[in-house]
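Data first, discussion second: the structure below is written as structure tokens.
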Amino acid sequence: MSDRTSRLSTLVSLLPRLLAVFWRTSPCLTSVAVLLAIGNAAVVPSQIWLTKVIIDRIAENVSSATEGSYALTNFVLPVAGIVGVWILGVIAQSLAVHVRRLLGQRSSHRARMQVFAKMAVLDPALLETPAVHDSFNNALEETEQVHETAFFVFGWISDLLSLIAIIGLLAHIHPGAVVVIILTSAPGAIAQAGFLARYYNIVRERSELRRRIQYLGDLLSNAPGLRELRLFGLVEYLLDQYRRLWKVQHADDRSHWLRLGRTDLLYGLLSVVGTLTIWCYAIFRGLMGMISIGDVSLAFQAAEQGRSRFNSAFSSGARGFERLLYASNLFEFLDREWEDAEGKLQSQGTKGVAIPKPIQKGIEFRDVSFRYPGSNEYVLRNISYHLPAGHTTAIVGPNGAGKTTLIKLLVRLYDPTEGTILVDGIDLREIEPESWWRHVSVIFQDFQRYNLAARENIGFGELEHLHDDDNLMRAARLAGAETLIQQFPRGLDTMFGRVFSDGIEISGGEWQRIALRRAFIRDAQVIVLDEPTAALDAFTEREIYEGFARAIVGKTGLLISHRFSTVRMADSILVLEEGQLVEHGTHEQLVSTNGLYAEMFTTQASQYR
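Per the working numbering, the very first residue in the sequence shown carries number 108; after that it's consecutive.
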């Protein structure tokens with residue numbers, strides 16, 4: 108089987124799955140949409156046939172009736188029928204639009220929720236993989252188009268049924284008329300499907316280009332970012348970059364659609380020739396007395412409507428084919444497991460090892476080395492150290508030394524490339540990640556800023572306390588933010604950010620204090636803070652660490668900081684340089700050795716003299 112045939116077979120197999128999405132979303136709306144499609148399909152063929160009947164009866168009456176005598180009763184049923192069909196068509200068409208819109212919107216929502224749910228459970232290592240982001244973005248874009256797919260699918264069903272009925276009417280004139288319509292209309296539809304398939308491949312190949320354009324657009328439309336862009340005079344530069352990339356994309360589109368336009372014109376003219384051929388044949392047979400005047404009328408209408416419906420059905424089919432191409436992005440993302448993804452967590456806790464509570468011995472790094480997926484360069488090399496339970500350990504070192512990476516391994520966003528991390532002697536890889544995460548509270552330097560209420564910004568650390576004001580305020584006190592909350596116009600229900608009309612803007616330091624409260628409210632055995640006070644003044648910093656000291660009583664703490672006033676409070680300090688553990692000990696021990704730590708401490712201290 109050729110690749111093209113295999114691809115077509117795969118796409119056709121997606122149609123039932125797409126219909127199943129509609130059915131699972133709303134069986135009632137799907138059933139109504141199908142019935143309305145059938146009703147719409149019956150309108151035009153019925154009108155053509157009833158028109159033929161009326162014209163034939165007029166001709167019969169004219170030829171057989173005496174002067175002034177006409178059997179008007181012969182016209183009551185066909186006229187009533189054609190009026191009834193016309194009214195049915197108006198009602199069915201109007202209802203179909205609304206039903207398809209509702210079904211499409213609900214189906215889009217359902218698909219979007221499935222994509223978000225899939226992304227939320229992906230292995231953490233995959234979240235930094237470009238291929239995953241391309242697949243995710245393609246799938247997410249397709250969820251926005253599912254409502255259009257509903258229009259195409261049910262419109263195509265209606266057009267196809269209508270075409271079949273009209274072909275039956277043409278066969279009444281002569282079977283050759285059916286052949287003429289097919290031979291002159293099918294090539295254009297086939298060519299259009301081919302163009303749409305090629306365009307789909309073009310779109311997939313430039314996924315990264317589209318992401319770059321989208322990223323630049325986000326930069327140019329983000330209010331906080333725009334301030335910096337204007338101050339540094341970067342707006343025009345980025346606009347030029349945006350225009351340049353857009354022109355590259357537009358050039359491909361323009362060339363493709365111009366070719367399609369020329370092809371549509373040529374095949375459109377061919378289908379007109381087919382229609383004219385049938386008309387001429389019908390006139391000839393009518394003049395020869397071989398068919399009635401009503402049959403001539405039927406031939407004219409059926410040929411024109413047949414050409415139109417053939418083009419419409421195959422155009423809808425081609426568009427439906429295009430929608431299936433894009434729907435494959437959605438199902439490909441939902442189905443893919445990325446089993447062979449580099450950097451994926453090596454075990455999913457299938458042995459069901461329980462986490463000790465409380466942790467008694469501590470956490471041990473044993474000959475741990477690590478490199479990020481897709482990279483050959485090691486970020487950490489041969490790290491061995493024991494973090495005692497109930498102790499606070501600080502990590503210091505120059506930028507790029509591997510401090511944050513060490514934390515990512517501890518919280519198990521990644522597994523070590525080599526070596527082992529043990530929790531009370533248990534290999535961390537034998538513990539279910541979600542189970543371990545419930546025992547860890549971490550705030551990274553690039554923490555998330557939720558443009559939601561203060562209550563949610565704190566309560567997300569422990570959802571069961573989301574509406575427990577006492578616990579929320581306790582966490583606020585530990586983070587030195589109780590007074591801050593009290594100053595907000597609506598207290599814990601104050602919205603942050605200007606994204607919504609009732610939100611307030613808070614400073615970077617205030618955001619940091621809010622994030623720290625999120626860490627402190629969680630009943631975690633291990634609390635990890637990455638540069639927790641970088642945006643805070645000295646007074647607030649002291650308040651934060653007094654709260655931190657209270658929060659980690661009986662727990663294991665790990666913090667990264669460049670401020671040695673913060674670091675010296677730790678029970679022990681690890682010094683990293685170029686991914687290696689070069690020193691460890693207490694503040695006093697490290698200062699006395701005159702190594703890297705002492706040099707960094709002396710350099711920082713000299714700035715305050």
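Ideal Cβ positions, reconstructed from N, Cα and C, are used throughout, including at glycine.
- The Cβ atoms of Glu-638 and Ile-667 sit closer than 8 Å to each other.
- The DSSP-derived three-state label of Asn-578 is helix.
- By the Cβ rule, the region 320 to 330 does not count as touching the region 247 to 264, because fewer than three pairs are nearer than 8 Å.
- Of the candidates Arg-124, Ala-149 and Thr-291, Thr-291 places its Cα closest to the Cα of Thr-382.
- Secondary structure note for Tyr-492: it is in no alpha helix (DSSP H), and the uninterrupted beta strand (DSSP E) holding it is 487 to 495.
- In this structure, Arg-207 is the residue among Arg-207, Gly-295, Leu-516 and Leu-376 with its C-alpha nearest to the C-alpha of Gly-262.
- Residue environment analysis places Met-580 among the buried positions, since at least 16 neighbouring C-beta atoms fall within 10 angstroms of its C-beta.
- Within the DSSP bridge table, the entry for Val-503 names Val-682 as partners.
- Residue nearest to Ala-561 within the set Leu-303, Glu-617, Pro-463 and Ile-538 is Glu-617 (criterion: CA-CA distance).
- Nearest neighbour of Gln-711 by Cα position, chosen from Gln-619, Leu-665, Asp-522 and Val-503, turns out to be Val-503.
- Put simply, the backbone Cα of Phe-438 is about 11 Å away from that of Asn-245.
- DSSP places Gln-593 inside the alpha helix (DSSP H), whose first and last residues are 589 to 594.
- For Gly-664, the uninterrupted beta strand (DSSP E) run begins and ends at 663 to 667, by DSSP.
- Of the other Cβ atoms in all chains shown, fewer than 16 fall within 10 Å of the Cβ of His-357; this residue is therefore exposed.
- A residue is called buried once 16 or more other Cβ atoms fall within 10 Å of its Cβ, and Asp-347, having fewer, is exposed.
- Relative to the Cα of Phe-407, the nearest Cα in the group Val-141, Ala-140, Val-674 and Gln-154 belongs to Gln-154.
- In the displayed model, Gln-552 falls within coil according to three-state DSSP, outside both helix and strand.
- Pairing Pro-134 with Asp-360, the inter-Cα distance amounts to about 38 Å.
- Ranked by Cα distance from Leu-559, the first of Val-660, Pro-282 and Asp-600 is Asp-600.
- Note that the C-beta distance between Leu-703 and Glu-684 is below 8 Å.
- Taking the C-beta atoms as reference points, Val-486 is found no nearer than 8 Å to Phe-472.
- Just measuring C-alpha positions, the residue of Pro-495, Asp-534 and Ser-269 sitting nearest Ala-409 is Ser-269.
- In this structure, Leu-195 is the residue among Ser-548, Leu-195, Asn-181 and Ala-187 with its C-alpha nearest to the C-alpha of Leu-142.
- Val-379 sits away from Ile-390, with the two beta carbons spaced by 8 Å or more.
- For Phe-567, the secondary structure class from DSSP, reduced to helix, strand or coil, is coil.
- DSSP, read as helix, strand or coil, puts Gly-654 in helix.
- CA-to-CA, the gap between Met-220 and Asp-442 works out to about 15 Å.
- Distance from the CA of Asn-329 to the CA of Arg-416, rounded to the nearest whole angstrom, comes to 47 Å.
- Leu-405 places its beta carbon less than 8 Å from that of Lys-159.
- Going by DSSP, Val-355 is part of the alpha helix (DSSP H) stretching over 342 to 394.
- Considering only Val-228, Arg-164, Val-260 and Ala-284, the residue with the shortest C-alpha distance to Glu-539 is Val-228.
- Boundaries of the beta strand (DSSP E) around Asp-474: 469 to 477.
- Ala-149 sits away from Ala-203, with the two beta carbons spaced by 8 Å or more.
- For Leu-665, the closest alpha carbon among the candidates Ser-548, Ile-565 and Pro-185 is that of Ser-548.
- Here the alpha carbons of Met-602 and Ser-608 stand approximately 9 Å from one another.
- Excluding its 5 nearest sequence neighbours in each direction, Ile-565 has C-beta neighbours in its own chain below 8 Å: Leu-579, Ala-582, Ala-583, Leu-599, Ile-621, Arg-624, Arg-625 and Ile-628, listed in chain order.
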